[in-house]
Amino acid sequence: MSAPLLEIRGLEVVFPTRAGLVRAVDGVDLEVYPGECLGVVGESGSGKSVTFLAVLGLLRPPGRIAAGEIRFDGRTISGLPEAELRALRGRAIALTLQDALTALNPALTVEQQIAETIEAHDPELPRGRARRQLLRERAEELLRSVGIPEPGRRLANYPHELSGGMRQRVMIAIALSCRPKLLIADEPTTALDVTIQAQVLDLLAELRARLGTAIVLVSHDLGVVAEHCDRVLVMYAGQVVERGPTLAVIADPGHPYTRGLLRSIPSIAEPERPIRPIPGQMADPIRPPPGCRFEPRCSLARPACRAPIALRPIDGGRAARCVEVAA
Amino acid sequence: MRPSALVERLLQLVPVLLGIALVVFLMMQATPGDPVELMLGDALATPEQREALRRDMGLDRPLPERFLHFLGNAVTLDFGQSFHHRRPVADVILERLPATIELTLAAMAIAIGLGVPLGVVAAVRRDGWIDRLATILGLAGVSMPGFWLGILLILLFSVELGWLPVSGRIGFAGEVPPVTGLLLVDTLLAGRPASFFEALRHLLLPAVTLGLAMAALLMRVTRTSMLEALRQDYVTFATAKGLPRRRVLIRHALKNALTPTVTVAAIETGTLLGGNMIVETVFGWPGLGRLVVEGIFTRNYPLVQAAVLLYAVTYVLLNLLADVLQTVLNPKVRL
Amino acid sequence: MRAQAVEGTPLAPPAGAPVGPARSPFAADLRELLANRTAVISIAIVVAVAAMALFAPWIAPHDPYEANLLRRLQPPVWLESGEWAHPLGCDQLGRDILSRIVYGARVSMTIGLLVVAIAAVIGTTLGLLAGYLRGLVDVLIGRIVDTLLGFPYLIFAIGLMAAMGPGLANIVLALVLKEWVLTCRVARAETLAAREMDYVEAARALGASPVRIMLGEILPNILSPVLVVATFRMATIVILEASLSFLGLGVQPPVPSWGSMVADGRAFLLDAWWVATLPGVAIFVLVLAINLASQGLRDVFDPRLKA
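Line order of the protein sequences matches chains A, B and C.
For what it's worth, the numbering used here labels the leading residue of the first sequence as -5, then goes sequentially.
For what it's worth, the numbering used here labels the leading residue of the second sequence as 336, then goes sequentially.
For what it's worth, the numbering used here labels the leading residue of the third sequence as -17, then goes sequentially.
This is the structure in structure tokens:
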């Protein structure tokens, strides 16, 4: 296996609040390999989005990285000054957000928003009219590559004039405009209708195949991740609780939380099977329990779960943070 | 923005303008005393002459008819004769108008040029020293009566330091042939830089006095709306695209933050229009505001009536202009 | 005073609606307010000025009308030739400035409170009617509001004062005629929101008459934002009254008003700056205190209005 494209070791992200220090990400290790598709699954508050915002240095103050190292393409990028991070953003690592309606600027046209991205990263553009012409052509090409019909006309539209699915494609087009090596797609389907969801996911798969971009699919929905991701990471309360090849994890989950997630997805194959939500609520992010954080909600809880526990390897590249896994 | 939308909006203004004209008309009907007596003043006149004058001024006609008459005249800018000046009111007003326009424009420039950037900085460096200072100054600015501020500035800059003149628009030596009526422009057109600076020195204190309160308000509004804009997803996304910070701030955050700012600025111009009466009085500025105040004391009702109408109509049109500006700034906003 | 659930039915107000718990919300609000030091100090200042106005005859060291040309333009105590008998000096007629400032508080506070109170009552009533009844009433009131809004505040007041002549009653009338519009808009907006609420539906289903609904259900819930706006407006009214007095259109001499005192002092700026400056300090302090106090009140009673 080649060297990882993105490597995160021991990442801790905290948000100081009046009530105390919120540990949004508490000791996360992960790797993303070139050209692969990694799924990151977790509910609200699991820290999945914050992890990747930290990678790009997009944490909103007073949030900050408290500990850990982030390496991209062999180079340490955590702690880099803003100017150098900016060079990475969009160019090497790109991000798309959940809702394109709020992520795109309502006051600028599609063309403007694509063009400024290209301009920000390409100092070699010609000046004057040739520049505008070139940018327009590239923008149109990008829109076509994400499957938007009549791309030339869409350029002059404002985001609110487009449908939800098209907006998402525009956002993806912007993200890929500089051919980044890594695309982080944060909840790419959550704001979309079910029929459009499949289209967007297929688009991402196709772009990955064509451009060789590595993709991280962050979602709360295991179903979204199941079909397109080679590997999957399950996060809970700021920690990684399970990881491994997607099919293996789904076929035989090693962590009770993952099992719970699978059980709570309605199934077409078994329409009569009751949907069982996971009872309880996530642990207090300011004072998390020292041991397993899922313990209060776990049906298999034992006294041993109160002790601190690390990820334990299972076979075939899998690992889970559970005492049930033989150490 | 479709031209038909603009026309629609203008048509919507008509009932408001009519209402304003009606209110102004009714205001003047409330004056105590006989208009004919006021007009004649000290002049001796026989009862027959008074009657003739009364009929001439249409004062024997029923009220609605007089209103229509007034309206018709107003549209043709005929506001009758100024009691005091014995000249058409319209002429008198026109004479003094450029001075007020110059003052108001200068005040607006100060308000926007000071308030908006300060608001942006305060929001971007939230809780920094600029933010705290701006908040305090902002609060002080809206709590100070304009006439008091003007007097304080005169005390400091004219009396104590002697840097700036106390009153007036320009000395004798600085007079130039009027082209636009705006001294700052005319002095440059006449190629007299010394006069330009003279005019500037005279304009400075009154403009600052008039504009400071609005600057304070604009700063607070801009700060709030910038903070709101900076929290939005599109700022995160724009940063994630790798755009330079300044571009994100101005092209993305500020562009959207300006919408509420423009709205507030438009409403505040009303305060500017009212305020120039005070400021012109304090600084002896030869503009329309001072003319109106003098007119009130000399019971020059046709003049006051015309001026009030003019101010109100200007205000309404300015607000329309602001709405048009909004559609340019933010395409989601419809006229 | 908050939304009341119909007996037996658990009504959950949608997000953003005024919440109605059974425990005393007023006590909790009060506690929160008292925790804000700035607000407490500001409210104390406003109350102090009001007290000063009320008890002026006992607080002022001298008669504000008593002129003594021997003490003409006497400086305040901290300057040369000032005396403790007249700590803030004397004006151009030898009247004690401190006493005149104390008495001047009467004008500012009276007009400030009166105008805001009357305008609030009128504005709330009309806003409630417009927002609840909609239709012709709404259009009519809306037209009047739009027309009045077309006038810059001071212009309108000056126009009316020019026509009616000066005097306390006229000032109050002139200011009220423009002031009610703002309260009306807030009341109308809040009414429009409130009438969609479940508790209004419930009351209507129980057969309550429109008057009953407006007074019983909607009014208590729109009072809060209306009051917050009213407190802010008082600051503007005090400045407006002072401006009118400064121009000579307000309360007439010899009644002391802070604005007219500043105007009187203008002529003597070079030699006796205190005559014009000190009354202005009073205005500034009062208005600043009102602004800070209303901010504090807003933060507690209606944080949604945080501009």
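Don't be surprised by glycine CBs; every beta carbon is placed ideally from N, CA and C.
Length of the line joining the Cα atoms of residue i and residue j
i, j, result
"V164/A", "I108/A", "8 angstroms"
"W256/C", "G454/B", "34 angstroms"
"R161/A", "P153/A", "7 angstroms"
"V263/C", "V244/C", "10 angstroms"
"R253/A", "I259/A", "10 angstroms"
"P56/A", "A77/A", "20 angstroms"
"L47/A", "L53/A", "6 angstroms"
"M91/C", "L142/C", "21 angstroms"
"Q640/B", "Q364/B", "10 angstroms"
"A87/C", "L341/B", "49 angstroms"
"V65/A", "E110/A", "For the sequence presented, residue 65/A should be read as Arg rather than Val. In a straight line, the C-alpha of R65/A is about 27 angstroms away from that of E110/A."
"P297/A", "R287/A", "13 angstroms"
"R634/B", "L131/C", "26 angstroms"
"E63/A", "C316/A", "25 angstroms"
"L607/B", "E533/B", "24 angstroms"
"V235/A", "F9/A", "22 angstroms"
"V628/B", "L229/C", "7 angstroms"
"V104/A", "T596/B", "25 angstroms"
"A112/C", "D120/C", "4 angstroms"
"D187/A", "I112/A", "30 angstroms"
"L523/B", "R467/B", "40 angstroms"
Where the beta strand (DSSP E) through residue i begins and ends
i, result
"R3/A", "0 to 11"
"R237/A", "233 to 239"
"G14/A", "14 to 26"
"G33/A", "31 to 35"
"I64/A", "58 to 66"
"M479/B", "Segment: none, M479/B is in no beta strand (DSSP E) and carries neither H nor E."
"M229/A", "225 to 230"
Closest Cα partner of residue i within the set the options
i, options, result
"L177/A", "R296/A, S(-4)/A, G36/A, C31/A", "C31/A"
"Y181/C", "L15/C, F138/C, I195/C, V119/C", "I195/C"
"A442/B", "D658/B, L540/B, I585/B, A575/B", "L540/B"
"A99/C", "L75/C, N18/C, L157/C, D73/C", "L157/C"
"T604/B", "T515/B, R422/B, L653/B", "L653/B"
"G232/C", "L155/C, M34/C, A258/C", "L155/C"
"L70/C", "A249/C, L80/C, T129/C", "L80/C"
"E266/A", "A298/A, P273/A, R257/A, M229/A", "R257/A"
"D45/C", "S206/C, D78/C, R13/C", "D78/C"
"P271/A", "G285/A, C292/A, I280/A", "C292/A"
"L5/A", "Y251/A, L102/A, E25/A, A(-3)/A", "E25/A"
"D73/C", "R53/C, E62/C, E65/C", "R53/C"
Opening and closing residue of the alpha helix (DSSP H) in which residue i lies
i, result
"S530/B", "528 to 565"
"Y85/C", "79 to 115"
"M443/B", "424 to 459"
"N408/B", "398 to 410"
"Q347/B", "338 to 364"
"M146/C", "135 to 146"
For residue i: DSSP bridge partner residues
i, result
"R83/A", "I87/A"
"A314/A", "E236/A, R306/A"
"A208/A", "L176/A"
"T381/B", "None; T381/B has no bridge partner."
"L388/B", "For L388/B, which the question treats as bridged, DSSP gives no partner whatsoever."
"E65/C", "H68/C"
"R69/A", "F66/A"
"S213/A", "V35/A"
"Q416/B", "P423/B"
8 angstroms contact criterion, which residue i and residue j should meet: CB distance rounded
i, j, result
"T165/C", "G76/C", "That belief does not hold up - the Cβ atoms of T165/C and G76/C are roughly 43 angstroms apart, past 8 angstroms."
"G450/B", "I613/B", "Not quite, the Cβ-Cβ distance comes to about 20 angstroms (not below 8 angstroms), so this is no contact."
"G624/B", "Y135/C", "Actually they are not in contact, since the Cβ atoms of G624/B and Y135/C sit about 14 angstroms apart, beyond 8 angstroms."
"R344/B", "L656/B", "The Cβ separation is near 11 angstroms, so there is no contact."
"L(-1)/A", "A208/A", "5 angstroms"
"S478/B", "N152/C", "Between N152/C and S478/B the Cβ distance is about 26 angstroms, and since that is not below 8 angstroms, they are no contact."
"E289/A", "P283/A", "7 angstroms"
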